[in-house]
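Residue numbering for the sequence shown follows the working numbering, beginning at 5 and increasing consecutively.
Cβ coordinates follow ideal geometry from the N, Cα and C atoms, glycine included.
None of these values were measured; they are calculated from a predicted model.
Below: the structure, in structure tokens.
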Amino acid sequence: MKKEKNSGILLILFCLLLPYLLTVLISGRKACPLSRQIDLEEYIPILAAAHINWEYEKEAIKAQTVIERTNLFSKNDSDEAMKEIYHAAEYLKKKKMKGEQLKQFRQVQKAAAETKGKVVVFQNEIKELPYHPLSKGKTRSGQEVLGEEFDYIASVETPKDIDSPLYVEGCYFSIKELEKKIKESYPAFSMATETGIEIGKTDSAGYVMEIRIGNQVFQGEQIKELLDLPSSCFSVQTSQDQVRFLCQGIGHGMGMSQYTAQSLALEGKDYEQILKYFFPDMQIQEK
């Protein structure tokens, strides 16, 4: 217990010092004296940089920074927030930024600075905002997927996503490989049944809600995670000893599609218009 407590303290200390360490890395020590007060606002570019393509237009990145800020403030559990920041920081550390990457990261910092204090609210309450890299061509309804509590997450058309070169991906497994992967998490699972594989239910955006494989029924997102599929929007074809999952889009499909956000930015839309497109029932406010 004491060891876990000490690990938790170290994690929090690391996260508190992280903006200082990154600023020293990028701009030099003189730009960031140790006596300077640190606040949550300084973590926003770290989170945004870990979750969006750095080559995207500035307005698309600004939309992402507002989402990251909203999500950070929506977490009442500070340990959960700090863990998310830690994972984002680990991602940046692995990039070993220099040259063009440092220049791109500064753009993310500027995007966060230019949206400072901005959050998205629903009926004056901060709600967690989902996002994903690429939709099926239509985002999913939060109410339909998660229930009434998430009715603020609208389903909107995203036809530009279909143009992405990453829109469709085929994932192939042998029957034995498929069974082995699922049994790692579900030991009682077996493919030795006449049922085979059958999609039972999809939502209005085309994502799989329920699928029977062998002797068990799974949620689409469960199978996505178990098999490391790009999306839970898929069809299934079985041929002899091989199974193909033909997936459309990347991610869970709810909230802001980053690819469409980029397309809207290229059309001249600003970050507020982008966020309003994906979250039409919500408002942007100062925190």
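In whole angstroms, what separates the C-alpha of G103 from that of Y95?
18 Å
Please state whether DSSP places L250 in a helix, a strand or coil.
strand
Residue span of the alpha helix (DSSP H) that contains S267, given as start and end:
262 to 270
Under 8 Å between the Cβ atoms of I254 and P284?
No, Cβ-Cβ distance for I254 and P284 is not below 8 Å.
Mind checking whether L138 and D155 have CB atoms under 8 Å apart?
In this structure, D155 does not lie closer than 8 Å to L138 by Cβ.
Going along the chain, which unbroken runs of the alpha helix (DSSP H) with 4 or more residues stay wholly within the segment 85 to 163?
Those alpha helix (DSSP H) runs which fall completely within the segment 85 to 163 and span 4+ residues are 104 to 118, 146 to 150.
As a quick exercise: from L44, Q226, L270, Y275, pick the residue whose alpha carbon is nearest that of K187.
Per the Cα distances, Q226.
Is it the case that the segment 274 to 284 contacts the segment 201 to 213, given that we only count it when at least three CB pairs across the two stretches are under 8 Å?
no
Determine, using beta-carbon pairs with one atom in the segment 122 to 138 and one in the segment 173 to 187, whether at least three such pairs fall under 8 Å.
Counting Cβ pairs under 8 Å, fewer than three are found: no touch.
What does DSSP give as the partner residue(s) for R216 in the beta ladder?
E202, V221
Around the Cβ of E61, are there at least 16 other Cβ atoms within 10 angstroms (buried) or fewer (exposed)?
buried
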